[in-house]
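Student: Protein chains in written order, with the working numbering: chain E, 2 to 215; chain F, 2 to 215; chain D, 2 to 215; chain C, 2 to 215.
Glycine included, every Cβ here is placed at the ideal spot set by N, Cα and C.
After the structure tokens below, expect a handful of questions from me.
Protein chains: 4
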Amino acid sequence: MGAVKTKRMPRAVREQQMLDAAVQIFGQRGYIAASMDDIAELAGVSKPLVYLYLNSKDDLFTACIRREAQALFAAVRAGVRRELPADRQLWDGLLAFFTHTAEHPDGWSVLHLQARTHGEAFAAEVTAMRADIVAFVTQLIAEAARSAHRDPDLPEREVAGFAEALVGAAESLADWANATPGVTARQAAATLMNFAWAGLGELMAGRRWSPPGA
Amino acid sequence: MGAVKTKRMPRAVREQQMLDAAVQIFGQRGYIAASMDDIAELAGVSKPLVYLYLNSKDDLFTACIRREAQALFAAVRAGVRRELPADRQLWDGLLAFFTHTAEHPDGWSVLHLQARTHGEAFAAEVTAMRADIVAFVTQLIAEAARSAHRDPDLPEREVAGFAEALVGAAESLADWANATPGVTARQAAATLMNFAWAGLGELMAGRRWSPPGA
Amino acid sequence: MGAVKTKRMPRAVREQQMLDAAVQIFGQRGYIAASMDDIAELAGVSKPLVYLYLNSKDDLFTACIRREAQALFAAVRAGVRRELPADRQLWDGLLAFFTHTAEHPDGWSVLHLQARTHGEAFAAEVTAMRADIVAFVTQLIAEAARSAHRDPDLPEREVAGFAEALVGAAESLADWANATPGVTARQAAATLMNFAWAGLGELMAGRRWSPPGA
Amino acid sequence: MGAVKTKRMPRAVREQQMLDAAVQIFGQRGYIAASMDDIAELAGVSKPLVYLYLNSKDDLFTACIRREAQALFAAVRAGVRRELPADRQLWDGLLAFFTHTAEHPDGWSVLHLQARTHGEAFAAEVTAMRADIVAFVTQLIAEAARSAHRDPDLPEREVAGFAEALVGAAESLADWANATPGVTARQAAATLMNFAWAGLGELMAGRRWSPPGA
DNA sequence: TATGAATGAGTGTTCATTCAT
DNA sequence: CATGAATGAACACTCATTCAT
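Right under this line is the structure:
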């Protein structure tokens with residue numbers, strides 16, 4: 002299971018092996034339950050070497066978070082072509098998102114479960130990437146509204162709430178898809194698209210569901 | 002911060018104090034990082050008493066989960082009157098949900114973050130309650146479809162995916178609302194209602210967003 | 002299993018119930034592994050009452066040792082009639098001994114295993130009773146030698162060694178008999194009698210096995 | 002008292018130091034009363050190192066039992082030359098036995114007191130070695146009977162009882178010798194030899210002491 | 001006479017981390 | 001570049017013992 006024990010590798014390669022092992026163990030066991038012993042063993046190196054390269058358990062975890070966050074955001078970006086229509090961009094982004102989370106369940110666990118459960122410092126790392134995604138979605142919505150020539154001055158807070166809800170639903174569905182055998186990335190994306198697109202249309206059209214007694 | 006140190010209380014009272022403290026510490030630090038020492042201290046009792054009444058860290062955590070799950074579900078139920086129209090019921094339920102999670106952030110953290118991250122046994126406790134909520138929402142959607150005389154035979158799987166997405170979005174928004182100062186329970190509920198209601202309408206009308214190349 | 006829970010008993014009776022329970026638990030689990038909780042529960046009383054009557058775990062254990070030691074010595078004495086011939090007395094004594102240890106295995110365990118394993122203070126209690134028995138056997142041997150008119154001045158140290166070996170063998174056989182199903186007290190006594198009596202005869206006759214190179 | 006604090010020793014050496022310390026503490030205080038802290042301190046190392054090398058208190062105790070059992074049996078074997086007459090072999094074996102138990106009182110305590118008092122698993126370790134010794138003695142008796150051309154078909158059960166009594170007496174005398182200042186290994190061996198040899202002669206001659214009323 | 005409520009002190013065990021080589 | 005040897009600090013859990021009633 003662990004990396005084959007090879008001697009004398011360049012530092013960069015060794016580091017990636019360590020991060021691979023760390024993501025796997027952190028993702029499956031959680032930050033605290035993961036032991037440096039286990040990570041070192043899975044990486045095929047001695048524990049002092051892990052400390053030499055990655056400094057501490059905290060730093061190692063942070064490095065994992067950063068690597069996985071960048072990988073996820075990069076995957077989403079790479080899936081989207083900005084010249085296509087907004088709904089197509091949203092679809093492509095969702096598809097890329099669900100595909101990536103399905104292919105890297107441990108990384109997704111690190112980002113969505115573990116990092117948020119063990120201290121503000123770690124959570125902040127994820128929050129940054131999440132903000133990028135939310136911003137991206139927000140921009141998409143605004144763009145879509147503009148291109149539809151409807152309600153060009155959507156209240157910013159409302160759009161933000163929408164983007165937040167959309168991203169939140171996506172995250173939840175990613176967990177659900179990973180935990181439910183037989184649910185593909187396409188299905189998850191289609192479900193969310195159906196769920197969200199009509200609401201977005203109403204939003205852009207300026208129609209609101211009004212709470213009673215407001 | 003901790004409970005006022007009072008001597009010689011009846012067991013039932015002490016137990017609630019301990020659960021209060023445990024929910025707070027588990028919610029803020031997570032299952033593993035929470036130490037029984039800290040919980041006992043916050044509860045204003047000695048550690049052996051915690052063990053005498055609650056048996057073990059596992060049992061204590063389980064007791065927390067159960068208490069918080071029941072409280073949350075009870076709050077949602079109590080907020081809904083079944084004789085009102087479906088959209089009103091959904092609104093009332095969401096409002097009760099966001100109100101409760103806002104008022105009990107640690108309990109919400111225990112349920113939504115901690116319990117799902119530390120072993121199947123704990124997760125199952127939450128899953129049970131979540132299933133109740135999803136079933137409740139599913140029922141609401143079906144009811145709404147019936148009362149609207151539209152597409153009375155919605156495909157079950159699609160409704161389930163919708164309910165899942167709706168509950169997932171609600172959970173994510175609860176985190177977001179708790180983490181974002183200035184966001185009220187009403188606002189969170191309104192955002193989600195706007196986000197979801199139109200999509201539900203489309204669903205009931207049998208209209209779907211179709212993925213490209215399908 | 003434990004005593005029936007009855008309220009308001011005279012102190013003496015309660016104390017015996019406690020000692021019964023204590024002997025059972027000490028005998029089966031050992032001094033340290035035995036918990037005051039378990040003893041109190043088995044005795045059918047609350048823990049503070051045990052402390053009220055018996056003071057401390059140490060005192061309770063000591064009381065057990067004393068009671069069992071006296072009971073064992075009394076049983077041996079009661080089995081022997083001093084007017085009979087020496088070999089008959091020895092036989093009767095051994096039979097009484099093996100019968101008692103077989104009927105009170107927990108008491109025997111307390112005396113022979115537990116008391117000697119947990120500190121000098123406890124061991125001393127047993128040593129006292131053991132010395133009584135060794136003295137009794139020594140006296141028997143001397144008496145037998147006198148009545149046989151042979152070697153009336155047996156060296157004291159040698160007789161003591163003999164008595165010690167005899168008692169030691171008896172103790173070992175008691176353990177063996179208790180641990181080996183199907184071995185009766187009579188069989189144990191007969192084995193030891195055969196083993197010892199001839200050696201005693203040689204001793205009294207002044208014949209010795211002489212170590213080489215002495 | 003404890004080993005001189007030396008840094009950076011090879012694992013094998015440290016392990017022996019730990020076993021030395023453990024035998025001493027287990028022998029003097031018993032399995033449960035012995036604390037890993039005390040053992041580690043006496044061994045001159047930190048507690049985690051004890052766990053790293055010996056795994057657990059259970060394993061450490063088992064390792065002690067095994068080492069001491071092997072050492073004792075090896076000492077007895079080494080003391081006996083099989084080509085000599087049976088009584089000489091018995092004498093040499095007893096002498097080696099009492100010498101070893103006198104020189105390793107803690108080891109003897111571990112084997113004879115502690116291991117038998119704290120669970121079947123530990124007792125079994127000792128029982129195996131004891132069975133070897135009993136078998137050895139049984140063989141000796143049979144051999145002696147053969148070479149004396151007397152009653153070559155001794156009933157097996159009786160020989161076993163004899164061997165049991167002999168070994169039991171030896172064990173008891175070892176305790177006695179260790180507890181009684183001034184008693185040498187030679188004296189203990191001579192006492193037992195005198196005690197047992199004549200009885201063995203009677204046994205081999207087919208003469209029995211017969212219980213009254215049988 | 002009797003007990004429910006409560007704890008100080010200690011147990012076995014684990015883990016992130018460092019040094020000497 | 002790499003590691004075997006070693007530890008300080010903590011954690012879950014238990015137990016003999018006491019107090020207030």
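#1: Only counting runs of 4 or more residues, tell me where the alpha helix (DSSP H) segments fall wholly within the segment 145-184 of chain D, in order along the chain.
#2: Which whole runs of the alpha helix (DSSP H) in the segment 69-131 of chain C are 4 residues long or more, in chain order?
#3: Could you run through the segment 199-213 of chain E and flag, in chain order, every residue whose CB is less than 9 Å away from some CB of chain F?
#4: With a threshold of 8 Å between beta-carbons, can Leu73 (chain F) be considered close to chain E, or not?
#5: Give me, in chain order, the residues of the same chain whose beta-carbon lies closer than 6 Å to that of Pro11 (chain F); leave out the 5 immediate sequence neighbours on both sides.
#6: Output yes or no for whether 8 Å exceeds the beta carbon distance between Leu189 (chain C) and Leu174 (chain C).
#7: Show which residues of chain D have a CB atom less than 7 Å away from the CB atom of Ala191 (chain C).
#8: Where do the N-terminal and C-terminal ends of the alpha helix (DSSP H) with Ala206 (chain E) fall, by residue?
#9: Figure out for me which residue from D:Phe99, D:Pro156, D:Gln18 and D:Ala166 has the closest Cα to the Cα of Trp198 (chain D).
#10: Measuring from the CB of Phe62 (chain F), is there a heavy atom of the ligand SAM at a distance below 7 Å?
#11: If you count every other CB in all the chains shown that lies within 10 Å of the CB of Gln1 (chain F), and 16 or more means buried, which is it?
#12: Going along the chain, which residues of the segment 69-103 of chain D sit with their C-beta nearer than 7 Å to a C-beta in chain C?
#13: Leu85 (chain D): buried (16+ other C-beta within 10 angstroms of its C-beta) or exposed?
#14: Using a Cβ-Cβ cut-off of less than 8 Å, give me the residues of the segment 165-178 of chain D that come near chain C, in sequence order.
#15: Kindly give me the distance between the Cβ atoms of Ala140 (chain E) and Gly28 (chain E), rounded to whole angstroms, as I take these residues to be in contact under 8 Å.
#16: The alpha helix (DSSP H) with Pro49 (chain F) in it runs from where to where?
#17: My understanding is that Phe137 (chain E) touches Ile66 (chain E), with C-beta atoms under 8 Å, so please give their C-beta distance in whole angstroms.
#18: Quick check on the DSSP output: the alpha helix (DSSP H) that includes Ala22 (chain C) runs from which residue to which?
#19: In chain F, which residues lie with their C-beta within 8 Å of the C-beta of Val194 (chain E)?
#20: If you draw a straight line from the C-alpha of Glu172 (chain C) to the C-alpha of Arg117 (chain F), how long is it?
#21: Give a yes or no on whether the C-beta atoms belonging to Leu55 (chain E) and Ala64 (chain E) are separated by under 8 Å.
#22: Taking the C-alpha atoms as reference points, what is the distance between Ile142 (chain D) and Glu157 (chain D)?
#23: Compute the Euclidean distance between the alpha carbons of Ser57 (chain E) and Ala70 (chain E), then round it to the nearest angstrom.
#24: Between F:Gly108, F:Tyr52 and F:Arg68, which lies nearest to Arg30 (chain F) when the distance is taken from Cα to Cα?
#25: With 16 other CB atoms within 10 Å as the buried threshold, where does Gln25 (chain E) fall?
#26: When the Cα atoms are used, what is the spatial distance from Pro182 (chain E) to Ser148 (chain F)?
#27: So if I threshold CB-CB distances at 8 Å, which residues from the segment 19-38 of chain E count as touching chain F?
#28: Leaving aside the five residues before and after Leu20 (chain F) along the sequence, list all residues of the same chain whose C-beta is less than 7 Å from its C-beta, in chain order.
#29: Using only the alpha-carbon positions, how far apart do Gly200 (chain F) and Thr185 (chain F) sit?
#30: Rounded to the nearest angstrom, what separates Phe196 (chain D) and Phe163 (chain C) at their Cα positions?
#31: Short of 8 Å in beta carbon distance, which residues of its chain neighbour Glu16 (chain C), apart from the five on each side in sequence? Order them along the chain.
#32: Quick one: give me the first and last residue of the alpha helix (DSSP H) that Ile33 (chain F) is part of.
#33: With distances taken Cα to Cα, identify the nearest neighbour of Arg131 (chain E) among E:Ala72, E:Val81 and E:Leu96.
#34: Classify Ala23 (chain E): buried if its beta carbon has 16 or more other beta carbons within 10 angstroms, exposed otherwise.
#35: Just mark Gly207 (chain E) as buried or exposed, buried being the case when its beta carbon has 16 or more other beta carbons within 10 Å.
Tutor: Let me lay it out:
#1: 157-180
#2: 87-104 and 106-110
#3: Ala199, Gly200, Leu201, Gly202, Glu203, Leu204, Arg208, Arg209, Trp210, Ser211, Pro212 and Pro213
#4: Along the second sequence, read from residue 1 onward, the residue named residue 73 (chain F) stands at position 72. Chain E contact via Cβ: absent.
#5: The residue you call residue 11 (chain F) lines up with position 10 of the second sequence. None.
#6: Position 188 of the fourth sequence, counting from 1, holds the residue named residue 189 (chain C). Position 173 of the fourth sequence, counting from 1, holds the residue named residue 174 (chain C). First, the residue type needs correcting, since residue 189 (chain C) is Ala and not Leu in the sequence shown. Yes.
#7: Your numbering for residue 191 (chain C) matches position 190 in the fourth sequence. Within 7 Å Cβ-Cβ: Pro212.
#8: Translated into positions along the first sequence, residue 206 (chain E) becomes position 205. First-last for Ala206 (chain E): undefined, no H or E at that position.
#9: For the purposes of this step, residue 198 (chain D) is taken as the residue at position 197 of the third sequence. Trp198 (chain D) has its Cα closest to that of D:Ala166, out of D:Phe99, D:Pro156, D:Gln18 and D:Ala166.
#10: Annotation note on the ligand SAM: not contained in the displayed structure, which lists no ligands.
#11: Missing from the structure shown is residue 1 (chain F); chain F here goes from 2 to 215 and no further.
#12: Arg89 and Trp92
#13: For the purposes of this step, residue 85 (chain D) is identified with residue 84 of the third sequence, where counting begins at 1. The residue in question, Leu85 (chain D), is exposed, as its Cβ has fewer than 16 Cβ neighbours within 10 Å.
#14: Glu165, Ala166, Leu167, Val168, Gly169, Ala170, Glu172, Ser173, Leu174, Asp176 and Trp177
#15: If you number the first sequence from 1, residue 140 (chain E) lands on position 139. If you number the first sequence from 1, residue 28 (chain E) lands on position 27. First, the residue type needs correcting, since residue 140 (chain E) is Gln and not Ala in the sequence shown. Actually they do not touch by this definition, with Cβ atoms about 30 Å apart.
#16: Within the second sequence, numbered from 1, the residue matching residue 49 (chain F) stands at position 48. Residues Lys48 to Leu55.
#17: Locating residue 137 (chain E) in the first sequence gives position 136, where the first residue counts as 1. Locating residue 66 (chain E) in the first sequence gives position 65, where the first residue counts as 1. Actually they are not in contact, since the Cβ atoms of Phe137 (chain E) and Ile66 (chain E) sit about 19 Å apart, beyond 8 Å.
#18: Position 21 of the fourth sequence holds residue 22 (chain C). Start and end: Arg12 to Arg30.
#19: Numbered from 1 along the first sequence, position 193 holds the residue referred to as residue 194 (chain E). Checking the sequence, you will find Met at residue 194 (chain E) rather than Val. In chain order: Trp210 and Pro212.
#20: If you number the fourth sequence from 1, residue 172 (chain C) lands on position 171. If you number the second sequence from 1, residue 117 (chain F) lands on position 116. Cα-Cα distance, rounded: 59 Å.
#21: Translated into the one-based positions of the first sequence, residue 55 (chain E) becomes position 54. Translated into the one-based positions of the first sequence, residue 64 (chain E) becomes position 63. In this structure, Ala64 (chain E) lies closer than 8 Å to Leu55 (chain E) by Cβ.
#22: Walking along the third sequence from the start, residue 142 (chain D) turns up at place 141. Walking along the third sequence from the start, residue 157 (chain D) turns up at place 156. About 11 Å.
#23: For the purposes of this step, residue 57 (chain E) is taken as the residue at position 56 of the first sequence. For the purposes of this step, residue 70 (chain E) is taken as the residue at position 69 of the first sequence. Approximately 20 Å, taken between the alpha carbons.
#24: By 1-based counting over the second sequence, the position of residue 30 (chain F) is 29. When only C-alpha atoms are compared, the closest one is F:Gly108.
#25: Taking the first sequence and counting its residues from 1, one reaches residue 25 (chain E) at position 24. Burial call: buried.
#26: What you label residue 182 (chain E) is simply residue 181 of the first sequence in a count that begins at 1. What you label residue 148 (chain F) is simply residue 147 of the second sequence in a count that begins at 1. One C-alpha to the other measures close to 34 Å.
#27: Gly31, Ile33 and Ala34
#28: To locate residue 20 (chain F), count along the second sequence from 1; it is residue 19. Contacts found: Ala64, Cys65 and Arg68.
#29: The count along the second sequence starts at 1 and reaches residue 200 (chain F) at position 199. The count along the second sequence starts at 1 and reaches residue 185 (chain F) at position 184. Their Cα atoms are separated by approximately 23 Å.
#30: Translated into the one-based positions of the third sequence, residue 196 (chain D) becomes position 195. Translated into the one-based positions of the fourth sequence, residue 163 (chain C) becomes position 162. Those two C-alpha atoms are separated by around 7 Å.
#31: Within the fourth sequence, residue 16 (chain C) is the residue found at index 15, counting from 1. Tyr54 and Leu55.
#32: Numbered from its first residue, the second sequence carries residue 33 (chain F) at position 32. From DSSP, Ile33 (chain F) is part of no alpha helix (DSSP H); its letter is neither H nor E.
#33: Locating residue 131 (chain E) in the first sequence gives position 130, counting from the first residue. Ranking E:Ala72, E:Val81 and E:Leu96 by Cα distance to Arg131 (chain E) puts E:Ala72 first.
#34: Start at 1 with the first residue of the first sequence, and residue 23 (chain E) comes out as number 22. It is buried - the Cβ of Ala23 (chain E) has at least 16 other Cβ atoms within 10 Å.
#35: Counting from 1 along the first sequence, the entry for residue 207 (chain E) is found at position 206. Its Cβ having fewer than 16 others within 10 Å, Gly207 (chain E) is exposed.
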